[in-house]
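So the sequence lines, in the order shown, correspond to chains A and B.
First residue of the first sequence? That's 0 in numbering that gives the first Met the number 0, and the numbers climb one at a time after it.
First residue of the second sequence? That's 0 in numbering that gives the first Met the number 0, and the numbers climb one at a time after it.
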Amino acid sequence: MKKLLKYQLIQYRSLEMKVILGIMPMLTLLGWLSHHLFGVSAGTILQLSSLLLFYGVLSISASHYRHYIPAFSTWERLPLLIPLPQLWSLLSILLASLPVWATYAACYLALTIAFRHQPGLQFFDGWQWLMLTGLYILAQSTFVCQLAAGSALKDRLILPKKLRFLRKLAWWRADDSSVMFSIFWVMIVIVPLHSMVFTEYIAISLSLLALIVYASSAVLLYSAACLLEKYSNY
Amino acid sequence: MGEILSVSNLIKRYGEKTALNGVNCRFEQGKIYGLLGPNAAGKTTFLKVCAALIMIYQGQVLIDGVRPGLATKAKVAYLPDGDYFFDWMRVADAVNYFSDFFADFDRAKAEHLLHELELEKSSPVRSLSKGMKARLKLAVVLSRRARLFLLDEAFDGVDPVTREKIIDIMLNTFDQESTMILATHHIDYVEGLLDEVKLLHRGEVIREIAADEIRQNSGQSIGEYYLEVFRNEKAT
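Right, here's the structure in full:
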């Protein structure tokens, strides 16, 4: 596991990662300057920055997952050949996202300190942070699971000629942009809607929701690893 | 000699297309096999099944008595035809990666091969030419003391002089405990290496013959024998 994590972390030295990591504090600074120089409201800056910073987290995360794309297409990559369980590999990717989460938290903290005297501002509390990370793991696990299941089914579903066009639309088709699209879609659209439905309409407590999210994440992560290891097919 | 790989009635279909159509064959320890055939004969699919990259198939494949999977990955060294390394890697990272994850990796041999193949440790992988990437793949894979080597078009992109050098190294360092399967349609590249050839055509093994038998019985080279067999196949 340590070795897997080491190689996941080495990826941070790529230019793409450095740029995204660099953009996050720049955005924070820009937000702070906009408030002081142009009078943009602190609430707007906080919401906008949170969203943009989150895009940073997702972009970096997508880069880590990119090495799984070959598992569903025609290339080969080293992680699929090493004699280690795929579950470790998936866990190492999650752990490798910690530095970027730390950057996110630091930037957010900087904004909360800067705007601490602003009245009526709602900052994330501990439960919200826990939920956010839980939903992030859920989204990633769902995505890998979806790809692995799709890949395992791919050659078993023989479609009639008239329906072959569906292959072109198939949700298991994987490339760099589909990874980004899926993660953005899940995180930006589905996740907030999902948590809103639970907290607003079903009135479930945040702690129970967090428990459900983490339990579902664990099941999906394990399923994704099993599918990758036993049924991946490319 | 013990048997390292046995394949019985292996069938692999991609949708309606059949890539392997009932392959039956055995591979013994201490031998270098040529898995030869034209394009789309099923060579790459066969190697991927053995490398535990394709897990859904019909039939039985056993490596040292075990179905390809997590356990066999430690014994099998696979060199794919396509891309292999991460873009962020330097040559030294690729060597370290193999050293970290494969217990049978021989670092001293890797250092020797890097030197022989003129690979700079500090060179970024993404800046290497196709030929240099092929050299690096060969260097790291051949540095393992694996039980089974699966090399898919290993010499594609490698210049003739380097190819000669690598073949020399392979002949001199080949361990009698190992087995090597070279899948290629460039027979002239591997002619001198092979102990036995298996000809694959439309997903089936159509001939299995020792290299010496070809040379002694018909006085042909493996390349000439290959051409004769596949010309007849085409005619029928």
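Ideal placement from N, C-alpha and C gives every residue a C-beta, glycine not left out.
Just so it is clear, the structure is predicted and the values come from calculations on it, not from any experiment.
Nearest neighbour of residue i, chosen from the options [CA to CA]
i: GLY41 (chain B); options: B:MET54, B:ILE10, B:TYR32; result: B:ILE10
i: GLY55 (chain A); options: A:TYR107, A:ILE211, A:ILE9, A:LEU129; result: A:TYR107
i: GLN121 (chain A); options: A:ILE44, A:ILE59, A:THR102; result: A:ILE44
i: TYR213 (chain A); options: A:GLN85, A:LEU32, A:THR141; result: A:THR141
i: ARG144 (chain B); options: B:GLU115, B:VAL60, B:HIS111, B:ALA102; result: B:ALA102
i: PHE111 (chain A); options: A:VAL99, A:ILE59, A:SER48, A:LEU131; result: The amino acid at residue 111 (chain A) is misidentified as Phe; the sequence shows Thr. Out of A:VAL99, A:ILE59, A:SER48, A:LEU131, A:SER48 has the C-alpha closest to the C-alpha of THR111 (chain A).
i: HIS111 (chain B); options: B:ARG201, B:ASN216, B:GLY156, B:LEU137; result: B:LEU137
i: LEU170 (chain B); options: B:LEU192, B:VAL160, B:ASP158, B:PRO159; result: B:LEU192
i: SER60 (chain A); options: A:LEU77, A:ALA95, A:LEU36; result: A:ALA95
i: GLN57 (chain B); options: B:PRO37, B:LYS72, B:THR17, B:GLY64; result: B:THR17
i: GLY14 (chain B); options: B:LEU61, B:ILE55, B:LEU113; result: B:ILE55
i: LEU4 (chain B); options: B:LEU19, B:ILE62, B:ASN38; result: B:ILE62
i: HIS35 (chain A); options: A:GLN139, A:MET130, A:GLN117; result: A:GLN117
i: TYR6 (chain A); options: B:LYS132, B:GLN215, B:ASP92, B:ASP174; result: B:ASP92
i: LEU19 (chain B); options: B:GLY202, B:GLN219, B:ARG206, B:ASN216; result: B:GLY202
i: LEU8 (chain A); options: A:LEU207, A:PRO98, A:LEU29; result: A:PRO98
i: GLN139 (chain A); options: A:SER215, A:GLY21, A:GLY30, A:MET16; result: A:SER215
i: GLU242 (chain B); options: B:LYS132, B:GLU176, B:TYR225; result: Here chain B has residues from 0 to 235 only, and residue 242 (chain B) is not among them.
i: GLN10 (chain A); options: A:ALA113, A:LEU131, A:SER91; result: A:SER91
Same chain only: Cβ atoms within 7 Å of residue i, ignoring 5 sequence neighbours per side
i: TRP87 (chain A); result: MET0, LEU3
i: LEU127 (chain B); result: LEU135
i: LEU89 (chain A); result: VAL143, LEU220, ALA223, ALA224
i: PRO123 (chain B); result: ARG89
i: SER7 (chain B); result: ASN23, GLY58, GLN59
i: SER33 (chain A); result: VAL39, ILE44
i: LYS74 (chain B); result: ILE62, ASP63, ALA145, ARG146, LEU147
i: LEU129 (chain A); result: ALA209
C-beta neighbour in chain B for residue i, strict 7 Å
i: LYS17 (chain A); result: no
i: GLU75 (chain A); result: For GLU75 (chain A), the predicted model reports a pLDDT of 49, less than 50, meaning its position is unreliable; a value from the coordinates is still stated below. True, the Cβ-Cβ gap to chain B drops below 7 Å.
i: LEU81 (chain A); result: Here residue 81 (chain A) turns out to be Ile, not Leu, going by the sequence shown. With 7 Å as the cut-off, ILE81 (chain A) counts as an interface residue toward chain B.
i: SER13 (chain A); result: yes
i: LYS1 (chain A); result: no
i: GLN10 (chain A); result: yes
6 Å CB neighbourhood of residue i in its chain, flanking five on each side removed
i: ALA109 (chain B); result: VAL94, SER142
i: ASP86 (chain B); result: ARG125
i: PHE97 (chain B); result: PHE104, VAL139
i: TRP74 (chain A); result: Model confidence at TRP74 (chain A) stands at a pLDDT of 49, short of 50, so the residue's coordinates are unreliable and nothing is read from them.
i: GLN85 (chain A); result: ALA224, LEU227, GLU228
i: TRP126 (chain A); result: LEU205
i: PHE123 (chain A); result: none
i: VAL65 (chain B); result: THR71
i: LEU51 (chain A); result: LEU26
Rounded distance between the beta-carbons of residue j and residue i, thought under 8 Å
i: ALA210 (chain B); j: THR43 (chain B); result: Contact flag wrong, Cβ pair sits at about 22 Å.
i: VAL204 (chain B); j: GLY33 (chain B); result: That belief does not hold up - the Cβ atoms of VAL204 (chain B) and GLY33 (chain B) are roughly 12 Å apart, past 8 Å.
i: TYR83 (chain B); j: LEU46 (chain B); result: Actually they do not touch by this definition, with Cβ atoms about 14 Å apart.
i: PHE148 (chain B); j: ILE81 (chain A); result: Not quite, the Cβ-Cβ distance comes to about 16 Å (not below 8 Å), so this is no contact.
i: GLY68 (chain B); j: ALA50 (chain B); result: Contact doesn't hold; Cβ gap of about 11 Å is too wide.
i: THR27 (chain A); j: ALA109 (chain A); result: 5 Å
i: GLY133 (chain A); j: ALA209 (chain A); result: 6 Å
i: MET23 (chain A); j: TYR103 (chain A); result: 7 Å
i: GLU115 (chain B); j: ILE53 (chain B); result: GLU115 (chain B) to ILE53 (chain B), Cβ: 33 Å. No contact.
Cβ of residue i within 7 Å of any chain A Cβ
i: PHE100 (chain B); result: yes
i: TYR77 (chain B); result: yes
i: LYS120 (chain B); result: no
i: LYS72 (chain B); result: yes
Own chain partners of residue i with C-beta closer than 8 Å, once the 5 adjacent residues on each side are dropped
i: ASN231 (chain B); result: none
i: LEU14 (chain A); result: none
i: GLY222 (chain B); result: ILE186, ASP187, GLU190
i: LYS30 (chain B); result: MET0, THR178, MET179, ASP194, GLU195
i: GLY119 (chain A); result: GLY42
i: GLY130 (chain B); result: GLY156, VAL157, ASP158, THR161
Ordered list of alpha helix (DSSP H) runs contained in the segment 73 to 103 of chain A, each at least 4 residues: 85 to 95
Entirely enclosed alpha helix (DSSP H) segments - the segment 17 to 64 of chain A, minimum 4 residues: Runs of the alpha helix (DSSP H) inside the segment 17 to 64 of chain A: 41 to 64.
Which whole runs of the alpha helix (DSSP H) in the segment 101 to 149 of chain B are 4 residues long or more, in chain order? 106 to 115, 129 to 141
Beta strand (DSSP E) segments (min. 3 residues) lying fully within the segment 105 to 147 of chain A: Taken in chain order, the segment 105 to 147 of chain A contains no complete beta strand (DSSP E) segment of 3 residues or longer.
List, from N- to C-terminal side, the beta strand (DSSP E) runs of 3 residues or more that fit wholly inside the segment 37 to 69 of chain B. 57 to 62
Any chance you could list the beta strand (DSSP E) runs of at least 3 consecutive residues sitting entirely within the segment 153 to 213 of chain B, in chain order? Qualifying beta strand (DSSP E) stretches, in chain order: 178 to 183, 195 to 200, 203 to 209.
Write down every uninterrupted run of the beta strand (DSSP E) in the segment 72 to 99 of chain B whose length is 3 residues or greater and which is fully enclosed by it, in chain order. 75 to 78
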